[in-house]
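Remarks on the structure that follows.
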Amino acid sequence: MPRKKVLNRIELQIEGFPKDGGAVRLDTLYNFLAEFKRTLAAIEKEATESDRAFLSYKIVTLTYDSPLRCVLEPIIPERVDRNLGNIVTKRFERDIREIVSAVPSTLTRPSKTKPIDPSTLEQFEKLMNQRKQAQTISIGLENNIVPLTHEFDEKVRKLLGNIYRSHGSFRGRLEAVNIHSTPCLLYIYPLVGPIRVRCTYPKGRFPQIGEYLGRTVDVSGIVKFRADEPHPYEIEIESITALRDKQAEPIASSIIGIMPGLTDDLDIPSYLNELRHE
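Anchor point for the sequence shown: position 249 equals 253 in the numbering used here, and the numbering is continuous, going up by one each time.
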């Protein structure tokens, strides 16, 4: 009989206020666990590069002495990679470590390691808002936890400070829509630049969105950029317009100057030869 795979476990500790004798209030525990689960879902989407989270979690240890200690273990659904639980818990540990070190620049990161996804950082920021509801809160892998202190909060905000937001628009082919998530998600695939751009919008905002699948669209709204990347990673859509086929066809004048600095000071023939490995 094959041995059951041992899963990494996640631990959290919460200490209530002295006026409650260190006991944790029910609404504090409920609200923190709900936000914590959303944070783990964001980390899973980051780790799998998906717009859907599959894992649930079961409580395998729960002690009520102050501080309250809760240990969680991933529940892996059928027909899902059996290693997904450990993939997510390891990414969870890595993200916490990167926040603690607060190193936002890709210049100091191994070339094969991606920075924390901005949506994950934003979820960590929401999680930190729960810190005010208890005396102390700590999270991490089992027996290796990190306190959610004011300094941790500042480091999350420091990393988020390298994300810029501005009004703008982007054009691309609409190829994927998820109307069941909150907020709704869609992906557009631009002619040049990033492979795809993640876009979000409130439920019920664009009931005609299904008619735009497979068409080139202009999306406008809050465009989000990393400081060290030239292309947006996400757009909060305020309006979307489907283009006629003729409008969607690019002409030379429409793409001149669209990606300044693309050739890294090389002239065009040299840049093309480099792409062709000539």
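Where a beta carbon is used, it is the ideal one built from N, C-alpha and C, also for glycine.
Neighbour-count burial assignment, residue i, 16 or more Cβ in a 10 Å radius
i	result
residue 5	In this predicted model, residue 5 has a pLDDT of only 45, less than 50, meaning its place in the structure is not dependable; the value taken from the coordinates is given anyway. With fewer than 16 Cβ atoms within 10 Å of its Cβ, residue 5 is classed as exposed.
residue 206	exposed
residue 181	buried
residue 189	buried
residue 86	exposed
residue 114	Only weak support exists for where residue 114 lies, its pLDDT of 47 falling under 50; the value from the coordinates is given anyway. Exposed.
residue 256	Only weak support exists for where residue 256 lies, its pLDDT of 49 falling under 50; the coordinates are left without a value.
residue 121	buried
residue 46	buried
residue 238	buried
Beta-bridge partners of residue i, as assigned by DSSP
i	result
residue 174	223
residue 237	Per DSSP, none; premise fails for residue 237.
residue 127	None, per the DSSP bridge assignment.
residue 148	145
residue 182	189
residue 62	77
residue 229	168, 236
residue 246	221
Pick from the options that is closest to residue i, judged by C-alpha positions
i	options	result
residue 28	69, 159, 105, 161	69
residue 136	148, 153, 149	153
residue 128	157, 118, 61	157
residue 179	193, 94, 172	193
residue 175	200, 23, 167, 184	200
residue 93	140, 51, 244, 274	51
residue 149	71, 213, 91, 84	71
Contact check, residue i vs residue j, beta carbons under 9 angstroms
i	j	result
residue 138	residue 36	yes
residue 2	residue 169	No answer is possible for residue 2: it lies beyond the span of the chain, which begins at 5 and ends at 282.
residue 247	residue 219	yes
CB contact check: residue i to chain B, cutoff 9 angstroms
i	result
residue 11	Any reference to chain B falls outside this structure, which holds one protein chain only.
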